[in-house]
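Here the structure comes first, spelled out in structure tokens, and everything after it is commentary.
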Amino acid sequence: MTEVNVPEDAEGMRLDRFFRKVAGPIGQGLLERQLRQGKIRLDGAKAKANTRLLPGQQLTYPEHLLTTAAGSSPSPSAPQMDQQAAYSHLSNMLVAEHTDWLALNKPAGLAVQGGSGTSRHIDGLVRAAFPGQSPKLVHRLDKDTSGLLLLARHDRAARELAAGFAQKTINKAYLALVIGDPGAEGRINAPLRKAGGKGAEKMIVDQDTGQTAVTDFLRLDKAGPVSLLALRPVTGRTHQLRVHMAAVGTPILGDGKYAGSAAHIGGFARQLHLHARFLNLADGTILSAPVAAHLQASAEQAGLAGSLPDAMPFFGFYS
51 MTEVNVPEDA
61 EGMRLDRFFR
71 KVAGPIGQGL
81 LERQLRQGKI
91 RLDGAKAKAN
101 TRLLPGQQLT
111 YPEHLLTTAA
121 GSSPSPSAPQ
131 MDQQAAYSHL
141 SNMLVAEHTD
151 WLALNKPAGL
161 AVQGGSGTSR
171 HIDGLVRAAF
181 PGQSPKLVHR
191 LDKDTSGLLL
201 LARHDRAARE
211 LAAGFAQKTI
221 NKAYLALVIG
231 DPGAEGRINA
241 PLRKAGGKGA
251 EKMIVDQDTG
261 QTAVTDFLRL
271 DKAGPVSLLA
281 LRPVTGRTHQ
291 LRVHMAAVGT
301 PILGDGKYAG
311 SAAHIGGFAR
321 QLHLHARFLN
331 LADGTILSAP
341 VAAHLQASAE
351 QAGLAGSLPD
361 AMPFFGFYS
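Each residue of the sequence shown is one higher than the last, beginning at 51 in our numbering.
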């Protein structure tokens, strides 16, 4: 069975929409039939297509549901990586492991889950490397964001870790190079919603209908046109850190999606300079992921490399 834990940024999303997002395209009639037959379950029980999801819930469905239900074979356009190669890829990302979890340092540009036009992703690598007993995703990172990604080794750990993210007993700290200076420290409270139309893959600030979104920032240093920040997402909305930093006039360096050409400065890498550096687990364990090479190089170029933190920053002003 495929098991997917509902992340915080999917709160309030319809089950049918979330299913397509994580599993792939499927007709509405076929999807509802699979739900009625109990082949797709939410927290082990039958559910309806219009069920609104909560963080930490678990969606389960047969691994080959889409292909078998449609009476077709898996697409030849998505070749499967062999077990040894997949395991080698994951081993190169591994930064820590425990009987309950694995912690990876995800490179920028590698998606966490599959989707339209995405054939290589963490979820696929994990399934190939650990057939029949694959670790489970309990949170996500944007494709262009690098850094710590936690996977649960078994169902109990998946439930506990997903609950930890939802209940804020697991805390995250990101590093970002931004253009400009937002100030020494502060909290950004700006509700977010998905943009409509062609911008459906983007988020926008909407004080009236957006979902609560809160980000804390701490300036670690600044030099010339850029500042080095530690960012703490108090909530976990899609693209939250990126939208919030752009909204206050200090976009993340390289974030053309939310700042266009203004996100790029000559001489600096055109990649997104956002890295999930630290995770503080509920038991006090602090995990860290080495800074991505492009962020390290840009920090050195700006004269800020000496301010890259080795320990998790203390957001004492809003703890």
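Where a beta carbon is used, it is the ideal one built from N, C-alpha and C, also for glycine.
Within the same chain, show all residues whose beta-carbon is closer than 7 Å to that of Q133, passing over the 5 residues directly before and after it, in chain order. A178, A179, P181
Measure the CB-CB distance between I220 and L329 and report whether it falls below 8 Å. Contact flag set, yes.
Taking Q257 as the reference, which of P241, F69, D66, F68 has the closest Cα? P241
Give me the Cα-Cα distance between E251 and K244, rounded to the nearest whole angstrom. 7 Å
Sub-8 Å separation of P232 and R269 beta-carbons: Going by C-beta atoms, P232 is nearer than 8 Å to R269.
Rounded distance between the beta-carbons of A273 and G356, thought under 8 Å: 10 Å between Cβ atoms; not a contact.
How would you label H204, buried or exposed, when you count the other beta carbons within 10 angstroms and need 16 or more for buried? H204 is exposed by the Cβ-count criterion.
Length of the line joining the Cα atoms of R407 and T259: In this structure the chain extends from 51 to 369, so residue 407 is not present and cannot be described.
Alpha carbon to alpha carbon, how far is G74 from H344? Straight-line measurement puts the Cα of H344 at about 32 Å from the Cα of G74.
Start-end ranges of the beta strand (DSSP E) lying completely within the segment 141 to 179, minimum 3 residues: 144 to 147, 151 to 156
By how many angstroms is the C-alpha of P185 removed from the C-alpha of R209? Cα to Cα, the separation comes out at about 12 Å.
Using the C-alpha atoms, what's the distance from G214 back to K193? When rounded, the distance between both Cα atoms is 23 Å.
When we look at the beta-carbon of A207 and count the other beta-carbons within 10 Å, is it buried (16 or more) or exposed? Around the C-beta of A207, 16 or more other C-beta atoms lie within 10 Å, and the residue is accordingly described as buried.
Contact check, L322 vs A158 under 8 Å by CB: the rounded distance? 6 Å
Curious, which full-length beta strand (DSSP E) runs of at least 3 residues does the segment 167 to 238 contain? 196 to 202, 221 to 229
Where D271 sits in the DSSP three-state scheme: strand
Whose C-beta lies closer than 7 Å to the C-beta of R320 among residues of the same chain, with five residues either side of it excluded? G304, H314
Cα separation between A119 and L81? Its pLDDT being 47, under 50, A119 is placed unreliably by the model, and nothing is read from it.
Roughly how many angstroms lie between the CA atoms of H139 and S348, to the nearest whole one? 26 Å
Segment limits, beta strand (DSSP E) that includes M253: 253 to 255
Just reading off the alpha helix (DSSP H) that E350 is part of, what are its end residues? 343 to 352
Can you name the start and end residues of the alpha helix (DSSP H) that E53 belongs to? No alpha helix (DSSP H) holds E53; the beta strand (DSSP E) holding it covers 52 to 55.
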